[in-house]
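Engineer: Handing you this structure, nothing more for now.
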Amino acid sequence: MKSEVMVGNKAVAYATKLARANLIAAYPITPQTTIVEYLSDFVAGGDLKAEFVTVEGEITAQLVCLSGSIAGARTFTATSGEGLLYMSHALHHTARYWAPVVMAVCNRSVRTMQPDHTDLLAQRETGWIQLYCENNQEVLDTGIMAYKIAEDDRVRLPVAYALDGYVLSFTAEPVEIPDQEKVDAWLPPFKTQYPVLPETWDHDLEEYKKHWAQGKGINEPFTPFAGDENFSHLTMVSWGKGHDLQWRWRAHQEAMMRAKKVIREVNEDYGKHFGRSYGNGLLEEYRTEDADAVIVAMGTLASTSRVAVDNLRKQGKKIGLVKLKSYRPFPDEEFRDIGKRVGTIGVIDRNISLGENGIAYGSIRSSVYDLKDRPKVLGFYAGLAGREVRVRDIEKAAEMTLKGAEGAPTWIG
Amino acid sequence: MIEIRFHGRGGQGAVTAVKILASAIYLEGKFTQAIPMYGTERRGAPVAAFCRVDDTRIRERDLVHEPDMVVVLDPLLNRSVDVTDGLKKGGLVIVNHPGAAKDTGLAGDFKVATVDATKIALDVIGRPITNTAILGAFAKATGLVKLESLAEAVKSELPARLIPTNVDAMKKAYEATNAPVDASGFKKAEIVKKTSTQPMISYSRNVSDWRVIRPVVDKAKCVGCKRCWVYCPETAISLVDNKAEINYDYCKGCGICSEECLVHAIKMEREEV
Amino acid sequence: MSKKMSIRDLREEEVMWSGNPACQGCAGSIVGRLIFKALGRNSARVEVASCAPGFMNIRVPSFFGPAFEGGAAFATGLARGYKVIGREDITVAALIGDGGTVDIGFQGLSGAAERNENVFWFTYDNEAYMNTGGQRSSATPEHANTTTTPVAQYSRGKTSDKKNVPMIMALHNVPYVATASVAYPEDLTAKIVYGKGIKGFRYMHIFSPCPTGWGTDPKDTIKIARLSVESGLWPLYEITEGHKMRLTYKPRELKPVSEPLKMQGRFRHLKDEELSVIQEQTTENWQRLLEMDGKTIF
């Protein structure tokens, strides 16, 4: 195993190389740009055998990955902030096709180049799995795990993993690089479940005909292969028979729910093989054993929060941290479990749903609502538009959480 | 509340008809709703549209499933579509048909009024677009709307050059409408659900009921030049023994084959009612 | 350069099943059928929002491609993905309307052409957004009456010329660009057969009258397409290697443009002076093309 002091963007590039993605399409945008450059170097130097499509915009980048994935390639793209928003339309399509595309997102705020999470969180209804990372090692490991999750037959959904722009993308720190052979053994080559090829098309259509003969029509999933609930390509052609496709959303939701289990399994298995795992894959609890209260943070705020928690613990204050890694699917059961144990949850959002509140705050509050003795849930805004978040800012939020102070969400920093 | 369902074909103006009707009745002080049912079907394909009438604002947002009245814009439509499906007992059907009520093939616990809207449309407008004529018949048979209101409502739905003839068609149809007759003793025509014999993918369907004219090949004249075959949009023509053979399940009656035949071996003939 | 074909050379096998829901007399249906007849079944088809899904009964893997703007992107990904799995033998064909080509899809199209992706692009051009009821596109010719360029007291229809996309595509220096017409299936097929043998980005722009949107009798679809070629309104040519230009059909004498235009409801309002301006421009354009015929252009 090698290790290297590298920036987050290079960790993304290494993860993609180790996962042997063989179709890459991306368009440059700060602070994602160097991901594309590192990958170009890998491909140009022969270190990575892949089709590299230097597209003319993010929508094209996403759609190239989508159809490339359908044809049988393991695909990768990366973007950031405005680029992600421009890509938004295509994100919905990739999810509707259940294509296991993997994408890295360097979080960036609109009209600044600095990070906050609103760009990717604004895509939470697209049907993508969303994983947030706190350091460059986690970025690399998540970049590999993402393929295992996306391509799992129980899931087959696209995965986005996020690193805070600048704070991770351009900050260098030591990162261990797993051996290629070990990764190859753990992550076998991608094989599309549904090769859409001219020679099999007639057979596929015959299956589709049977589906209709059974009176199922468009209102039910077309599942020509045993045990497969996600088949989508052929059902695309049935679009015109009617517009009642609600079952697709139902099937997608079910796949998302299965993904919770798959993410936990993949995380654990990765730990067994590579010696690192991240909580239970969906979230990680830090010093919560006897905590009276916990704070919740995503991305690099979780990293800063660890310091704040340690400082307060030294003062004898019983505070813990919950790092929320998977925003989609959302670990609501885990939060219910935490809610039974603590009196107050303070959620620090590096995002805002303008006109309502912090996005994670709302989700967590909703998760614990059904508890008999539910904890208080407080909301904090921090680090929006890339505003620097210091340890003392988090300490302030943690102190307020411990006090269980009521009131509207608080702006800190 | 009164619920009305219109049946027509793409291009006959069923959607425009419900819009005119809803506007006209609204002019008379009632609340109305006009709902189109859009699919991917195009010109010639069976379509439906809906109208609701009430004294207060209508809150229902679903389609009309149990109409009080049914309006049929095409005499051939009830061969492939059950136009009276869900019609309330004692309801009313206004159908474009050249014959008497008993010849329409509609039967059940409802009344049937007929009008030869196609003839009126051809005479007055010059094209077989029957939506305005049938509205005239609707006014006569139901008394639900005045002819003057319909004439006023047409103004916002059709280009100015088409208004005089369409209003005239309405008036002529109003006068020519046969009074509603009880249909409980009639014989119902068999509805033939025509299914495609092609592999069931996407849109494959039997389109024979889209046709109002049909191509007929004079085999003696046909020289097997393949022009009709190559230009057929429907893949409905093949060459058998070097003569054009038309598969009528898939012919929509566009007339390209007849137009392009260099030896005039294909004639277009009206489908019989 | 494409080799002349006759109607007898067209493949007997049908690649399109019968029973589609396109309008009566739809030229797009004929175009779709002819394209895949020529390409054969070892191909895949990409479509975006257009009427084309309405004549989708073609027996090759078909994608109602996601995103109106994404025809070229989707085709690119398919072609590259097939390359990854070692199946470059499959022809990736995009069957896209004029809107998905010349307007919203143009960025992606230009990008794919510049990268010389291994894709065969077919534009079936009915000169407006017919699938949504006939709004103008930048492929709509000047003066045409559309729902967004209605003829009224202060309007004479569309105010600008049709965007000349085949020539723009040729300037991308792609290996093959051709125009074609639904009325000339032999010419269209010959060009596809030639293009199929080339690797890289190939572009074909096909004139496809729309009876519903143009206000024409369904039976006249082919006649209007033919008269448009014979009058010089829609010249048939091909450009190889980005600059070798050849007219593939040269009428000895051009018919007056009024012949096809007068048959179309969308040009019903044309005054004689407007017609004569169109005639003048068309004759000039034809002269220019004649001078370019057989030469290296650009």
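Chains as they are written, first to last, in our numbering: chain A, 797 to 1209; chain B, 18 to 290; chain C, 342 to 639.
Quick reminder that beta carbons are idealized off the backbone N, C-alpha and C, glycines included.
Every value quoted in this text rests on a predicted model; they were computed, and no experiment measured them.
Who are CYS902 of chain A's beta bridge partners in DSSP?
Structural biologist: The residue labelled residue 902 of chain A in the question sits at position 106 within the first sequence. According to DSSP, CYS902 of chain A bridges with A:SER876 and A:LEU959.
Engineer: Going by the beta-carbon positions, is the gap between ILE1190 of chain A and SER1122 of chain A smaller than 8 Å?
Structural biologist: Walking along the first sequence from the start, residue 1190 of chain A turns up at place 394. Walking along the first sequence from the start, residue 1122 of chain A turns up at place 326. No, the pair does not count as a contact, with Cβ atoms beyond the cut-off.
Engineer: Does the beta-carbon distance from ALA31 of chain B to ASN148 of chain B come in below 8 Å?
Structural biologist: As a first step, residue 31 of chain B is located in the second sequence; it is residue number 14 there, counting from the start. As a first step, residue 148 of chain B is located in the second sequence; it is residue number 131 there, counting from the start. It is a contact, given that the beta carbons lie within the stated cut-off.
Engineer: As a quick exercise: from C:ILE638, C:ASN467, C:ILE431 and C:THR589, pick the residue whose alpha carbon is nearest that of GLY556 of chain C.
Structural biologist: Taking the third sequence and counting its residues from 1, the one referred to as residue 556 of chain C is at position 215. The shortest C-alpha separation from GLY556 of chain C is found at C:ASN467.
Engineer: What are the boundary residues of the alpha helix (DSSP H) that includes GLN976 of chain A?
Structural biologist: Looking up residue 976 of chain A in the first sequence gives position 180. Element bounds for GLN976 of chain A: 976 to 982.
Engineer: Using a beta-carbon distance cut-off of less than 9 Å, what residues from the segment 981 to 994 of chain A approach chain C?
Structural biologist: If the cut-off is 9 Å between Cβ atoms, the segment 981 to 994 of chain A has THR988, PRO991, VAL992, LEU993 and PRO994 near chain C.
Engineer: For LEU450 of chain C, does the count of other Cβ atoms within 10 angstroms reach 16, so buried, or fall short, so exposed?
Structural biologist: Along the third sequence, read from residue 1 onward, the residue named residue 450 of chain C stands at position 109. By the neighbour-count rule (16 or more Cβ atoms within 10 Å), LEU450 of chain C is buried.
Engineer: Comparing the C-beta of PHE415 of chain C with each C-beta of chain A, is any distance below 8 Å?
Structural biologist: Against the third sequence, residue 415 of chain C aligns to sequence position 74. For PHE415 of chain C, the answer is yes, since a Cβ of chain A falls inside 8 Å of its Cβ.
Engineer: Once DSSP output is grouped into helix, strand and coil, what is the label at ARG1137 of chain A?
Structural biologist: Translated into the one-based positions of the first sequence, residue 1137 of chain A becomes position 341. Here ARG1137 of chain A sits in helix by DSSP.
Engineer: Assuming ALA821 of chain A and VAL849 of chain A are in contact, meaning their beta carbons sit under 8 Å apart, how far apart are those beta carbons, in whole angstroms?
Structural biologist: Position 25 of the first sequence, counting from 1, holds the residue named residue 821 of chain A. Position 53 of the first sequence, counting from 1, holds the residue named residue 849 of chain A. So it is a contact: roughly 4 Å between Cβ atoms.
Engineer: Helix, strand or coil: how does DSSP classify GLU458 of chain C here?
Structural biologist: Within the third sequence, residue 458 of chain C is the residue found at index 117, counting from 1. Three-state result, GLU458 of chain C: coil.
Engineer: Which residues of the segment 851 to 879 of chain A have a Cβ closer than 9 Å to any Cβ of chain C? Give them in chain order.
Structural biologist: Listed in sequence order: VAL851, GLU852, GLY853, ILE855, THR856, ALA857, GLN858, LEU859, VAL860, CYS861, LEU862, SER863, GLY864, SER865, ILE866, ALA867, GLY868, ALA869, ARG870 and THR871.
Engineer: Which residues does DSSP pair with CYS68 of chain B in a beta bridge?
Structural biologist: Within the second sequence, numbered from 1, the residue matching residue 68 of chain B stands at position 51. Paired residue(s): B:ILE21 and B:ALA51.
Engineer: Short check: CB of ALA368 of chain C to CB of SER549 of chain C, under 8 Å?
Structural biologist: As a working mapping, residue 368 of chain C is identified with position 27 in the third sequence. As a working mapping, residue 549 of chain C is identified with position 208 in the third sequence. The answer is yes: Cβ separation under 8 Å.
Engineer: Rounding to the nearest angstrom, what Cα-Cα distance links LYS845 of chain A and GLU854 of chain A in this structure?
Structural biologist: On the first sequence, residue 845 of chain A is found 49 positions in, with the first residue counted as 1. On the first sequence, residue 854 of chain A is found 58 positions in, with the first residue counted as 1. Rounded to whole angstroms, LYS845 of chain A to GLU854 of chain A spans 22 Å at the Cα level.
Engineer: Mind pulling the alpha helix (DSSP H) runs of 4 or more residues that sit fully within the segment 583 to 634 of chain C?
Structural biologist: Correct list: 599 to 602 and 613 to 633.
Engineer: Based on Cα-Cα distance, which residue from C:LEU631, C:ILE533, C:PHE639 and C:THR481 lies nearest to CYS696 of chain C?
Structural biologist: This structure does not reach residue 696 of chain C, given that chain C is present from 342 up to 639, and the question cannot be answered.
Engineer: Does TRP358 of chain C have its Cβ less than 8 Å from a Cβ in chain B?
Structural biologist: Residue mapping note: residue 358 of chain C aligns to position 17 of the third sequence, counting from 1. Yes - at least one Cβ of chain B is within 8 Å of the one on TRP358 of chain C.
Engineer: Going by DSSP, name the residue or residues bridged to ARG386 of chain C.
Structural biologist: For the purposes of this step, residue 386 of chain C is identified with residue 45 of the third sequence, where counting begins at 1. Bridge partners of ARG386 of chain C: C:SER403 and C:ALA434.
Engineer: Could you say if the segment 535 to 548 of chain C and the segment 587 to 607 of chain C meet the contact criterion of at least three C-beta pairs nearer than 8 Å?
Structural biologist: No, the segment 535 to 548 of chain C does not touch the segment 587 to 607 of chain C.
Engineer: By how many angstroms is the C-alpha of MET187 of chain B removed from the C-alpha of VAL162 of chain B?
Structural biologist: Within the second sequence, numbered from 1, the residue matching residue 162 of chain B stands at position 145. Within the second sequence, numbered from 1, the residue matching residue 187 of chain B stands at position 170. Taking the straight line from one Cα to the other gives about 12 Å.
Engineer: What residues of chain B sit near SER370 of chain C, judged by a beta carbon separation below 8 Å?
Structural biologist: As a first step, residue 370 of chain C must be located in the third sequence, where it is residue number 29. Going along chain B in sequence order, the residues near SER370 of chain C (Cβ under 8 Å) are PRO250 and GLU251.
Engineer: List, in order along the chain, the chain A residues whose C-beta lies closer than 8 Å to that of PRO559 of chain C?
Structural biologist: Here residue 559 of chain C refers to the residue found at position 218 when the third sequence is read from its first residue. Within 8 Å Cβ-Cβ: nothing; PRO559 of chain C doesn't reach chain A, min ~21 Å.
Engineer: Under 6 Å Cβ to Cβ from MET633 of chain C, same chain only, skipping five residues before and after it: list those, please.
Structural biologist: Reading the third sequence from its first residue, position 292 is the one you call residue 633 of chain C. Answer for MET633 of chain C: MET586, listed in chain order.
Engineer: Between the alpha carbons of ILE208 of chain B and VAL224 of chain B, how many angstroms are there, rounded?
Structural biologist: Against the second sequence, residue 208 of chain B aligns to sequence position 191. Against the second sequence, residue 224 of chain B aligns to sequence position 207. The straight-line gap from Cα to Cα measures roughly 15 Å.
Engineer: Could you check the C-alpha separation between GLU429 of chain C and LEU1097 of chain A for me, to the nearest Å?
Structural biologist: Working through the third sequence from its first residue, we reach residue 429 of chain C at position 88. Working through the first sequence from its first residue, we reach residue 1097 of chain A at position 301. So the two alpha carbons sit approximately 47 Å from each other.
Engineer: Counting only the same chain and skipping the five closest in sequence on each side, list residues whose C-beta sits under 6 Å from that of TYR834 of chain A.
Structural biologist: Along the first sequence, one-based indexing puts residue 834 of chain A at 38. Counting only Cβ-Cβ distances below 6 Å, and skipping sequence neighbours, we find LYS806 and ALA809.
Engineer: Given this structure, state the Cα-to-Cα distance separating PRO1020 of chain A from ARG222 of chain B, to the nearest angstrom.
Structural biologist: In the first sequence, residue 1020 of chain A corresponds to position 224, counting from 1. In the second sequence, residue 222 of chain B corresponds to position 205, counting from 1. Because PRO1020 of chain A carries a pLDDT of 44, less than 50, the predicted location of this residue cannot be relied on, and no value is offered for it.
Engineer: Could one say the Cβ of GLN365 of chain C lies closer than 8 Å to chain A's Cβ atoms, at least one of them?
Structural biologist: Here residue 365 of chain C refers to the residue found at position 24 of the third sequence. Closer than 8 Å: no.
Engineer: For the alpha helix (DSSP H) containing GLU1195 of chain A, name the first residue and the last one.
Structural biologist: Position 399 of the first sequence, counted from the start, is the residue given in the question as residue 1195 of chain A. 1187 to 1199 is the extent of the alpha helix (DSSP H) around GLU1195 of chain A.
Engineer: With three or more beta-carbon pairs closer than 8 Å as the criterion, would you say the segment 936 to 946 of chain A touches the segment 907 to 916 of chain A?
Structural biologist: Not touching, per the Cβ criterion.
Engineer: Below 8 Å, how does it come out for the segment 1131 to 1146 of chain A and the segment 1082 to 1098 of chain A: are there three or more Cβ pairs, yes or no?
Structural biologist: They touch, by the three-pair rule.
Engineer: If we ignore side chains and look at the alpha-carbon of each, how far apart do GLY116 of chain B and GLY122 of chain B end up?
Structural biologist: As a position in the second sequence, residue 116 of chain B is number 99, starting the count at 1. As a position in the second sequence, residue 122 of chain B is number 105, starting the count at 1. Distance between the alpha carbons of GLY116 of chain B and GLY122 of chain B: 10 Å.
Engineer: Determine the chain C residues that contact LYS269 of chain B at a beta-carbon separation under 7 Å, and present them in chain order.
Structural biologist: For this step, residue 269 of chain B is matched to residue 252 along the second sequence. Near LYS269 of chain B (Cβ distances below 7 Å), the residues of chain C are GLN365.
Engineer: ARG642 of chain C touches chain B at which residues, Cβ-Cβ below 8 Å?
Structural biologist: As displayed, chain C neither begins before 342 nor continues past 639, which places residue 642 of chain C out of reach and without an answer.
Engineer: With a cut-off of 8 Å, does the C-beta of GLU921 of chain A fall near any C-beta of chain C?
Structural biologist: Counting from 1 along the first sequence, the entry for residue 921 of chain A is found at position 125. False, the Cβ-Cβ gap to chain C never drops below 8 Å.
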